[in-house]
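Asks:
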Amino acid sequence: MLIRQLVAQRIGLIVVNAIREMNQTTCYKQIISNSRLSEVLRYDSELFFSILHNSSNAILITNNQVEIVYVNKQFETISGYKLCEIIGKNPRFLKSKFTPEETHYSLKKALVDRQVWEGEFINIHKSGTEYFEHAVISPIKSTDQHLLGFFAEKRDITELKSEQARSHKIGYLDSLTSLSNRRYFIKAVERLFTIPKEDRPDFSILFIDLNRFKEINDGYGHQVGDQILIEAAKRF
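Quick note, the sequence shown lines up with residues 1099 to 1334 if you use my numbering.
1. In chain order, what are the residue ranges of uninterrupted beta strand (DSSP E) at least 3 long that sit wholly in the segment 1239-1264?
2. Apply the 10 Å Cβ neighbour rule to Ser1265 and answer buried if 16 or more other Cβ atoms are within range, or exposed otherwise.
3. If you draw a straight line from the alpha carbon of His1232 to that of Thr1175, how long is it in whole angstroms?
4. For the candidate residues Asp1300, Asn1221, Ser1225, Gln1243, whose alpha-carbon lies nearest to that of Ile1255?
5. Under three-state DSSP, which class holds Leu1158?
6. Check whether the segment 1242-1252 and the segment 1149-1166 touch, using three or more Cβ-Cβ pairs below 8 Å as the test.
7. Would you kindly report the start and end of the unbroken alpha helix (DSSP H) that includes Asn1309?
8. Near Asn1170, which residues of its chain fall below 7 Å by C-beta distance, leaving aside the five closest residues on each side in sequence?
9. Measure the alpha-carbon distance for Trp1215 versus Ser1240 and round it to whole angstroms.
10. Can at least three beta-carbon pairs, one atom from the segment 1266-1273 and one from the segment 1293-1307, be found at a separation below 8 Å?
11. Let's see if you can read the secondary structure: which residues bound the alpha helix (DSSP H) around Ile1284?
12. Would you mind stating whether Asn1188 and Leu1246 have Cβ atoms separated by less than 8 Å?
13. With distances taken from CA atoms, which of Phe1147, Val1287, Ile1314 is nearest Leu1304?
14. Where in the segment 1168-1237 do unbroken runs of the beta strand (DSSP E), each at least 3 residues long, occur, reported from the N-terminal end onward?
15. Could you check if Ile1306 is buried or exposed, using at least 16 other CB atoms within 10 Å of its CB as the buried criterion?
16. In the DSSP output, what is Ile1166 paired with across the bridge?
17. Under three-state DSSP, which class holds Leu1150?
18. Measuring CA to CA, which of Gln1172, Phe1147, Arg1190 is closest to Ile1166?
19. Under 8 Å between the Cβ atoms of Phe1196 and Glu1218?
20. Are the segment 1199-1206 and the segment 1274-1281 touching by the rule of at least three beta carbon pairs closer than 8 Å?
21. Among the candidates Pro1237, Glu1257, Arg1289, Leu1274, whose CA atom is the shortest distance from the CA of Val1164?
22. Do you know offhand how far Ser1302's Cα is from Glu1199's?
23. Output the distance between the C-alpha atoms of His1223 and Glu1257, rounded to the nearest integer angstrom.
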């Protein structure tokens, strides 16, 4: 209960500051001019606690030292960790070796520059399994631009990634060898030529043939020919 109260107070402070930031624009001034709405936004931190805690997206809030001060129920479901287990930790404890380093680099740069960052992670569930998530991470600032912390909203996209992988396999991989097919090759080459010539990396296109492969198919049958192709693919 104490944690709930502290988190509610913290979220209340964050929301009030966010409203003040938004209030600097004409659009949001009109919205906040509703006195009842203004009263709720400014004083009912328990309402915001309930909204965030029951959100269908995972919510994570850190202080300005990037230490976790709050996660909601959906975050606990996706990650397997309870708030009491991870409060005070840096969110990077979830990272896996499969997230590209450039992703972490761009995130770090955005945090240092106090900019909004959007991207995808492959994280580690408490059970040890990997999962994909899409995240939007925003700095939380006071009216004098003092950094209070960071607000992260995340979605589990593991099923989406699996579906994309299945679609890619069907559309761009050879069903026998699992090598990239002609369709993928054409798309990859076209993508290279969309890059301005001065920025385009040097590349070569190689054509590789298997000598006398037709004789294998004709003399030993297509089943043996298929095994030859599979073995050749492994060696490539």
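A virtual CB, placed ideally from N, CA and C, is assigned to each residue, including glycine.
Replies: Once the coordinates are examined:
1. 1245-1254
2. Here residue 1265 refers to the residue found at position 167 of the sequence shown. Exposed.
3. Stepping through the sequence shown from its first residue, residue 1232 is reached at position 134. Stepping through the sequence shown from its first residue, residue 1175 is reached at position 77. Cα to Cα, the separation comes out at about 15 Å.
4. Counted from its first residue, the sequence shown places residue 1255 at position 157. Of Asp1300, Asn1221, Ser1225, Gln1243, the residue nearest in Cα terms is Asn1221.
5. Along the sequence shown, read from residue 1 onward, the residue named residue 1158 stands at position 60. Correct three-state label for Leu1158: strand.
6. yes
7. Position 211 of the sequence shown, counting from 1, holds the residue named residue 1309. Note, Asn1309: premise wrong, no alpha helix (DSSP H); not H, not E.
8. For this step, residue 1170 is matched to residue 72 along the sequence shown. Hits under 7 Å: Leu1150, His1151, Ser1153, Ala1156, Ile1157.
9. By one-based count along the sequence shown, residue 1215 stands at place 117. By one-based count along the sequence shown, residue 1240 stands at place 142. Taking the straight line from one Cα to the other gives about 19 Å.
10. no
11. Residue 1284 sits at position 186 when you count from the first residue of the sequence shown. Note, Ile1284: alpha helix (DSSP H), 1280-1291.
12. Taking the sequence shown and counting its residues from 1, the one referred to as residue 1188 is at position 90. Taking the sequence shown and counting its residues from 1, the one referred to as residue 1246 is at position 148. Their beta carbons are not under 8 Å apart, which means Asn1188 does not touch Leu1246 by this criterion.
13. Against the sequence shown, residue 1304 aligns to sequence position 206. It is Val1287 whose Cα lies nearest to the Cα of Leu1304.
14. 1215-1222
15. Sequence index remark: in the sequence shown, residue 1306 carries index 208 (1-based). Classification for Ile1306: exposed.
16. Mapped onto the sequence shown, residue 1166 falls at position 68. DSSP output for Ile1166 lists Thr1160 as bridge partner(s).
17. Locating residue 1150 in the sequence shown gives position 52, counting from the first residue. Three-state DSSP puts Leu1150 in a helix.
18. The count along the sequence shown starts at 1 and reaches residue 1166 at position 68. Of the candidates Gln1172, Phe1147, Arg1190, the one whose C-alpha sits nearest the C-alpha of Ile1166 is Arg1190.
19. For the purposes of this step, residue 1196 is taken as residue 98 along the sequence shown, with counting starting at 1. For the purposes of this step, residue 1218 is taken as residue 120 along the sequence shown, with counting starting at 1. No, the pair does not count as a contact, with Cβ atoms beyond the cut-off.
20. no
21. The residue you call residue 1164 lines up with position 66 of the sequence shown. For the residues Pro1237, Glu1257, Arg1289, Leu1274, the minimum Cα distance to Val1164 belongs to Pro1237.
22. Here residue 1302 corresponds to residue number 204 of the sequence shown, with the count starting at 1. Here residue 1199 corresponds to residue number 101 of the sequence shown, with the count starting at 1. Approximately 27 Å between the Cα atoms of the pair.
23. Along the sequence shown, read from residue 1 onward, the residue named residue 1223 stands at position 125. Along the sequence shown, read from residue 1 onward, the residue named residue 1257 stands at position 159. Rounded to the nearest angstrom, the two C-alpha atoms are 15 Å apart.
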